[in-house]
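Visitor: Here our numbering is used: the sequence shown runs in plain steps of one and ends on residue 147.
In this text, a Cβ means the ideal position worked out from N, Cα and C, and glycines have one as well.
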Amino acid sequence: MSINHHDALSLEWIARGIYNSDRLAFGGMISADYFEVHPFDAAVISLAPFYHKNINNKDIKSFIEKYRKAFDQFGEQKNPDQLVSEYVRELEELVVELKQDNQIEAYARDSI
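1. How long is the line joining the alpha carbons of H41 and N89, rounded to whole angstroms?
2. Taking buried to mean at least 16 other C-beta atoms within 10 Å of its own C-beta, is A67 buried or exposed?
3. Take A78 as the anchor and find which of G110, Q108, E128 has the nearest alpha-carbon.
4. How should H87 be labelled, buried or exposed, when 16 other C-beta atoms within 10 angstroms of its C-beta is the threshold for buried?
5. Taking its Cβ as the centre, do 16 or more other Cβ atoms sit within 10 Å of R51, making it buried, or is it exposed?
6. DSSP on E47, reduced to helix/strand/coil?
7. In chain order, what residues of the same chain lie with their CB nearer than 7 Å to the CB of F109, ignoring the 5 residues before and after it?
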C-alpha cells in the first residue's frame, strides 16, 4: 500500500504537532516517507497520548476501528484516494477537537 506524498506530508505535520517535534521523531516514524507506506500508523502515533490520558476514548476507538478496517482492505477499495483524503481530514479534525476540548496547545492548524 502506498499513498501520495502530499497526504503523507499532511500526516507528518499532524503527528509532529502532537509531539511538537521535528521530522523523524518517534524512532524515525514521524516522516512523510514512512507514512506513505504506513499511513495508519499516523493515527496510532497521533491519538495515543489522548487515549493514554483517557480523553474522549469513544471517538478515538470509533476512528481507529473505522480506518483500521478500511486500510486492511485498502487494495479492495473502489476509490482509495478518496479514502485517504477523508482519513487525513478526519484525523486532523479529531486531533484539533481533542486538543481544543482539553486545552492542549502543541498542535496548530497553521503549522500544516
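Guide: Put simply:
1. Those two C-alpha atoms are separated by around 31 Å.
2. buried
3. E128
4. exposed
5. buried
6. helix
7. M36, P115
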